[in-house]
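So the structure is just underneath, and the comments pick up after that.
Numbering (the working numbering), first residue to last: 43 to 279.
Below, the structure written as structure tokens:
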């Protein structure tokens, strides 16, 4: 018989305490784009023992205020502000810096490490896709969700019918971005610079690792917290 822990979704676990994300990653479990999976299904896919995972999660130290970072309790408009101010702003500031560093190390090290050229092209694609993605969220989806969350008045006709339609599109784009970053991680040998790497080379790989970590948090907040609550708001009587 499957217990309640195994029936809980990955996204619910991380939404309650984001510190659990690091443990889930240690067990090979995707918490952002795979947040819809139950713990049981995710463990089977990762060939992980649910009991061992449960013990690891229980071993996390308690926090003084368990609700301090409980994003599930935030008003939706505050959550949207956080996503834009923290994550969208980070992406826009990090993209040109990392791209410039990639251009530099391709010029210096590209002869000995031809994979750097593929890395630069791949990251350019990620950046281009994310900028377009964030514009659609900020100008179309997020304003509609704000209205859903802050008024009980009848909703004006929308160009996309139900909010679930743009949400599905955003989720597909999240999956694509996650796949692209996994390919980048493979090109960088898990962001481990080679022995002959210069300081800029090592810094660039550290920046890429940070970029992926932020993307995981960013996508988690949207897929596992914002989007389900937006759908609930649309369906409320």
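Glycine is no exception: its CB is placed at the ideal position from the N, C-alpha and C atoms.
- Ignore the nearest five residues each way along the sequence and tell me which others in residue 204's own chain have a CB closer than 7 Å to its CB. 276.
- Message: Suppose only complete runs of 4+ residues qualify. What are the alpha helix (DSSP H) ranges in the segment 66–154, listed by chain order?
- Response: Runs of the alpha helix (DSSP H) inside the segment 66–154: 81–88, 92–100, 118–124 and 131–151.
- Is it a yes or a no for the segment 162–169 touching the segment 212–227, going by three-plus beta-carbon pairs under 8 Å? The answer is yes - the segment 212–227 touches the segment 162–169, with three or more Cβ pairs under 8 Å.
- Taking the alpha-carbon positions, what's the residue 99 to residue 170 distance? Going by C-alpha positions, residue 99 is about 37 Å away from residue 170.
- Which value, in whole angstroms, describes the spacing of the CA atoms of residue 83 and residue 48? Counting only the Cα atoms, residue 48 lies some 8 Å from residue 83.
- Which runs of the alpha helix (DSSP H) fall wholly inside the segment 173–215 and span at least 4 residues, in chain order? Fully contained in the segment 173–215 are the following alpha helix (DSSP H) runs of length 4 or more, in chain order: 184–192.
- Message: Please report the straight-line C-alpha distance between residue 131 and residue 246, rounded to a whole angstrom.
- Response: Using only the alpha carbons, I get a separation of about 19 Å.
- residue 220 to residue 258 span [Cα, whole Å]: In this structure, the alpha-carbon of residue 220 lies about 8 Å from that of residue 258.
- Quick one: what's got a C-beta closer than 7 Å to residue 126's C-beta in the same chain, skipping five residues either side? Excluding residues within five positions, the ones whose Cβ falls inside 7 Å are 180.
- Message: Check this for me: beta carbons of residue 85 and residue 216, under 8 Å apart or not?
- Response: Here residue 85 is not near residue 216, since their CB atoms are 8 Å or more apart.
- Task: Tell me whether the beta-carbon of residue 122 lies closer than 8 Å to the beta-carbon of residue 81.
- Result: In this structure, residue 122 keeps its C-beta atom at 8 Å or more from the C-beta atom of residue 81.
- Task: Specify the secondary structure class of residue 230 as computed by DSSP and reduced to three states.
- Result: Coil, per DSSP.
- Message: Measuring alpha carbon to alpha carbon, tell me which residue in 262, 139 and 88 is nearest residue 59.
- Response: For the residues 262, 139 and 88, the minimum Cα distance to residue 59 belongs to 262.
- Buried versus exposed, by CB contacts within 10 Å (16 or more), residue 231: Classified as exposed, residue 231 has fewer than 16 neighbouring CB atoms from the shown chains inside 10 Å of its CB.
- Roughly how many whole angstroms lie between the Cα atoms of residue 186 and residue 156? Spanning the two alpha carbons is a distance of roughly 45 Å.
- Item | Option nearest residue 45 by Cα separation, candidates 92, 244, 64 and 79 | Here the closest residue by C-alpha is 92.
- According to the neighbour-count rule (16 or more other Cβ atoms, all chains shown, within 10 Å of its Cβ), is residue 67 buried or exposed? Burial is judged here by how many other beta carbons sit within 10 angstroms of a residue's own beta carbon; residue 67 has fewer than 16 and is exposed.
- Can you tell me where the alpha helix (DSSP H) with residue 236 in it begins and where it stops? Here residue 236 belongs to no alpha helix (DSSP H), and DSSP marks it neither H nor E.
- Query: By Cβ distance below 8 Å, which residues in the same chain neighbour residue 160 in space, the five residues on each side in sequence not counted?
  - Reply: Closer than 8 Å at the Cβ level, and outside the excluded window around residue 160, lie 229.
- Between the Cα of residue 209 and those of 97, 50 and 274, spot the shortest distance and give me the residue it belongs to. Comparing alpha-carbon positions, the option among 97, 50 and 274 lying closest to residue 209 turns out to be 274.
- Item | Within 8 Å, strictly: CB atoms of residue 191 and residue 119 | Yes; because the gap between Cβ atoms is below 8 Å, this pair is in contact.
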